[in-house]
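Following: one structure in structure tokens, then a few remarks.
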Amino acid sequence: MFNLCGCWVYVASRKVWRPKVEEQEEGKKEYLETLKTMEGELGDKPYFGGENFGYVDISLIPFYSWFHAYKVLDNINFEAECPKIIAWAKRCMQKQTVAKNFPDQKKVYEFVAQTRKKDISA
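Letter by letter, the sequence shown follows residues 1 to 122 in the UniProt record's numbering.
Listed below in structure tokens is the structure:
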């Protein structure tokens, strides 16, 4: 199940990078709908598995590293749109084993910005 969740989020998030503005807007909408569906599954639990950090959390937390890039480059306000996902991600990132294994959001932003510049100039 956790591979399916990660794939689902990945497919939706990549649509934000489409070349046409209309497709980007559609991609943003789909990505946010995907995250809101995740919020529904999370509910009021601290983690997707309940009280314990588990496989679904492990498969989904890497996407949090990309949120800053999407916020800056695509004007997605995750805090307003998906507050439960943000709270969940912050809980996950408080775990040393999680925090030390994921890239800094600002470095991901720099990578995405460079990649998009190359895509535009190509």
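Backbone N, C-alpha and C define an ideal beta-carbon position, used for all residues, glycine too.
| Asked | Found |
| --- | --- |
| What first and last residue would you give for the alpha helix (DSSP H) that runs through residue 96? | 96-99 |
| Taking the beta carbon of residue 57 as the centre, do at least 16 other beta carbons fall within 10 Å, making it buried, or is it exposed? | buried |
| Just to confirm, is the Cβ distance from residue 39 to residue 85 under 8 Å? | yes |
| Which two residues bound the contiguous alpha helix (DSSP H) that contains residue 63? | Segment: none, residue 63 is in no alpha helix (DSSP H) and carries neither H nor E. |
| Under the three-state reduction of DSSP, which class applies to residue 40: helix, strand or coil? | helix |
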